[in-house]
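To get the working numbering, take the position in the sequence shown, counting from 1, and add 905.
Ideal placement from N, C-alpha and C gives every residue a C-beta, glycine not left out.
Accompanying notes for the structure given below.
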Amino acid sequence: MPSFDLDRFLALPRLSALRLSPDGRRIVVSAARPDPAGKRFASALWELDPAGVRAARRITRSAPGESAGTFLADGSLLFTSARPDPERSPERAEALGETAGLWLLPVDGGEARPLAALAGGIADVTTARAAGVVAFATGVHPRTTTLEEDEAAEKAREKAGVSAHLYEEFPIRYWDHYLGPREARLYTGVLGDDPHAPLADLRDLAPDAAGRLRDATIALTPDGATLICSWRREEDLSRPREDVVAIDRATGTRRTLLAEDAWVSGIAVSPDGTQAAVLRTWNGAPERADRPGLVIVDLASGSARELGGDLDGCWPHELHWAPDGRSLLLTADRLGHVAILRIALADGAITVLAADGAWTDVAEAPDGTIVGLHATLASPPRPARLVDGRPAYLPFPGLADDEVGAPGVVERLQARAADGTPVGSWLVRPAGASAASPAPLVVFIHGGPLGSWNTWHWRWNPHLLVERGYAVLLPDPAISTGYGQGFIDRGWGRWGEAPYTDLMAAVDGALERPDLDRTRTAAMGGSFGGYMANWVAGQTDRFRGIVTHASLWELRGFHGTTDHGPSWEMEFGDPYVDPSRYEASSPHRFVDRIRTPMLVIHGELDHRVPISEALRLWTDLRRHGVPSRFLYFPDENHWILKPRNARLWYETVLAFLDETVLDLPWKRPELV
């Protein structure tokens, strides 16, 4: 079998957004691969047979690529793409630029046709279960009342050469971009009988949104008459609150269904249209952590009840109704996996349908068949049916076991923290590691901070290190999800305490194995994992090298530069009143203790952890004489998303590990 090198790794298809047709007979999935120039990942839609009899076939092709598909009631497929419309005038094409339009692929497999193209783009498409109604998000300039006015406003800015934004509200940035000048709106449209007609009856359902719909979660009732969505409240900047509202499509009347100190991560309407299931996370405070929950709302009366209690210690991600409306399917972090849970509507009883691996994009067919994408630490997401609690994989080109060829042996480990709490980890090691030839160990620290190592990773893939002879430990210390609320509480607002000591306990436990070399170790992490890598560097010199990506360094200053600093006050308190929690957990206080060589990595476009954190870290390391290097990406954000940059990231990290852990000469990547 060929080696698992960067060429093989980057060529693997990256599947996401699996969708099941209403009749349960077709699956559509998005598959991303590097474009011919290797500058970006381009997606195409593929159709699969849920029974696994027919071969997978590609159903869309264009240079810009296509988004995730969404089925209509008749089985036709909607998707968004910036592909050009051959019938569009040059003037119209210039006005729209490279924004994504809405396209329809007929159920008979004919040519895709455009349905709508807006200057503000189209995203987050959802459809009514039993009607030809479509809802989507777009961007609209404030003070405009029609789409024509919005387009004219954009043309006026371009003609005047204006790119400035004037802000009057907080926040002004989000993850990787500055907000504005457009603001998010929700539109609905109707499909007519004419197969060649564009989407009709376009309606702005919330012209007064004024920022309340940013990153909104949306769902339609089966008849398309009502849109259910999240609605931001801004009266207290330190607590991100989202109500759940119902908007009547005919009149635009909006009524509030849920108004709590919580935010929304999922909404699904029951098959009969009478109820909505809402995944909520209740906001924490310095003395208590965030808590997830599932709420059922009666759409007529507005009455609500929490279902499923503490969700069996799980942390939920996705929400789907069963076709008969009697239960819901959830995917959730659970004990180092992403499980499928069934929750009975009548009494909230929870049944674990699938416990192993990581399931996403789960759907249930009318005949009870459950499908989704299934991944493990050893294999990337693959389409599968759930059979007796285990995946029965559906064929997809490039994803057979012998085509993936990940070399690591994956094992589950458990250590004990100082207070006796179990701390779980995954170990991925070379097959040939032994007491006679122990493998050097690299510790991966997960981000979040709420998170878990439980699935295949494209950004932090241990098998590329295993191919080079390293073993990789992936621990879930305090504040990790899937181990119960108490496990999160142990690390909430005290990042330098239990999360750090749990991490060290996991490392100590792993290094009791004779097939791991305790004298040759390194640690690396990104985001919160980068924070923890920085903290580790100031607390111990046991590691030979540390890689810190998109990392937090000085927490008090971070509060004022991240995209929404006030939200951190739920965990660390108000820094204007009492900054002590920020200071106590800030790694920068220990810079004078750092002796371990460090590789700092950051993207200029990262607004969640701004480049200022890396610049201060870099300056502090160099001023204190710490051997260090800085890999800077001017065109990346919190993640490394471009294929060539991902290759360079791994090449640099591996060269740094070889130098610091294996004592090999530094081999600088050729293109930097």
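Residue i burial status per 10 Å Cβ neighbour count (16 or more: buried)
| i | result |
| --- | --- |
| residue 1319 | exposed |
| residue 1305 | exposed |
| residue 1051 | exposed |
| residue 1564 | buried |
| residue 1208 | exposed |
| residue 1148 | buried |
| residue 959 | exposed |
| residue 1277 | buried |
| residue 905 | Residue 905 is absent from the structure shown; the chain starts at 906 and stops at 1577. |
| residue 1043 | buried |
| residue 1075 | exposed |
| residue 1476 | buried |
| residue 1388 | buried |
| residue 1436 | buried |
Three-state class that DSSP yields for residue i in the structure shown
| i | result |
| --- | --- |
| residue 1118 | coil |
| residue 1397 | coil |
| residue 1078 | strand |
| residue 1516 | helix |
| residue 1349 | strand |
| residue 957 | coil |
| residue 1501 | coil |
| residue 935 | strand |
| residue 1339 | coil |
| residue 1277 | strand |
| residue 1331 | strand |
| residue 1003 | coil |
| residue 1495 | helix |
| residue 1204 | coil |
| residue 1526 | helix |
| residue 913 | helix |
| residue 982 | strand |
| residue 1471 | helix |
| residue 1531 | coil |
| residue 1377 | strand |
| residue 1413 | helix |
| residue 1048 | coil |
Residue i and residue j closer than 8 Å at C-beta
| i | j | result |
| --- | --- | --- |
| residue 1127 | residue 1033 | yes |
| residue 1093 | residue 1028 | no |
| residue 1478 | residue 1191 | yes |
| residue 1467 | residue 955 | no |
| residue 1198 | residue 1187 | yes |
| residue 1151 | residue 1123 | no |
| residue 1485 | residue 1460 | no |
| residue 1280 | residue 1288 | no |
| residue 1504 | residue 1577 | no |
| residue 1283 | residue 1313 | yes |
| residue 1224 | residue 1162 | no |
| residue 1007 | residue 1020 | yes |
| residue 1045 | residue 1073 | no |
| residue 1369 | residue 946 | no |
| residue 1333 | residue 1380 | no |
| residue 1386 | residue 1357 | yes |
| residue 1343 | residue 1394 | no |
Within-8 Å CB hit, residue i to chain C
| i | result |
| --- | --- |
| residue 1152 | Looking for chain C here will not work: only one protein chain is present. |
Whole-number beta carbon distance between residue j and residue i, since they are thought to touch under 8 Å
| i | j | result |
| --- | --- | --- |
| residue 980 | residue 1270 | At roughly 13 Å, the Cβ-Cβ gap does not stay under 8 Å, so residue 980 and residue 1270 are not in contact. |
| residue 1512 | residue 1078 | 4 Å |
| residue 1328 | residue 1427 | With a Cβ gap of about 20 Å, residue 1328 and residue 1427 do not count as contacting. |
| residue 936 | residue 948 | 7 Å |
| residue 1560 | residue 1572 | 5 Å |
| residue 1296 | residue 1262 | 7 Å |
| residue 1259 | residue 1244 | 6 Å |
| residue 1502 | residue 1450 | 5 Å |
| residue 1167 | residue 1233 | Not quite, the Cβ-Cβ distance comes to about 18 Å (not below 8 Å), so this is no contact. |
| residue 1536 | residue 1458 | So it is not a contact: roughly 16 Å between Cβ atoms. |
Endpoints, the alpha helix (DSSP H) within which residue i is located
| i | result |
| --- | --- |
| residue 1566 | 1548 to 1567 |
| residue 1608 | In the structure as shown, the chain starts at 906 and stops at 1577, and residue 1608 therefore has no counterpart that could be examined. |
| residue 1073 | Run containing residue 1073: none; DSSP gives neither H nor E here. |
| residue 1062 | 1052 to 1065 |
Boundaries (first-last residue) of the beta strand (DSSP E) holding residue i
| i | result |
| --- | --- |
| residue 1371 | Segment 1367 to 1371 is the alpha helix (DSSP H) holding residue 1371; no beta strand (DSSP E) there. |
| residue 1236 | 1232 to 1239 |
| residue 1165 | Run containing residue 1165: none; DSSP gives neither H nor E here. |
| residue 1464 | First-last for residue 1464: 1460 to 1466, but that is the alpha helix (DSSP H), not the beta strand (DSSP E). |
| residue 1039 | 1038 to 1045 |
| residue 1265 | 1263 to 1269 |
Distance cut-off 7 Å: residue i Cβ against heavy atoms of the ligand PLP
| i | result |
| --- | --- |
| residue 1169 | Judged by which ligands are present, the structure shown has none, so any question about the ligand PLP falls away. |
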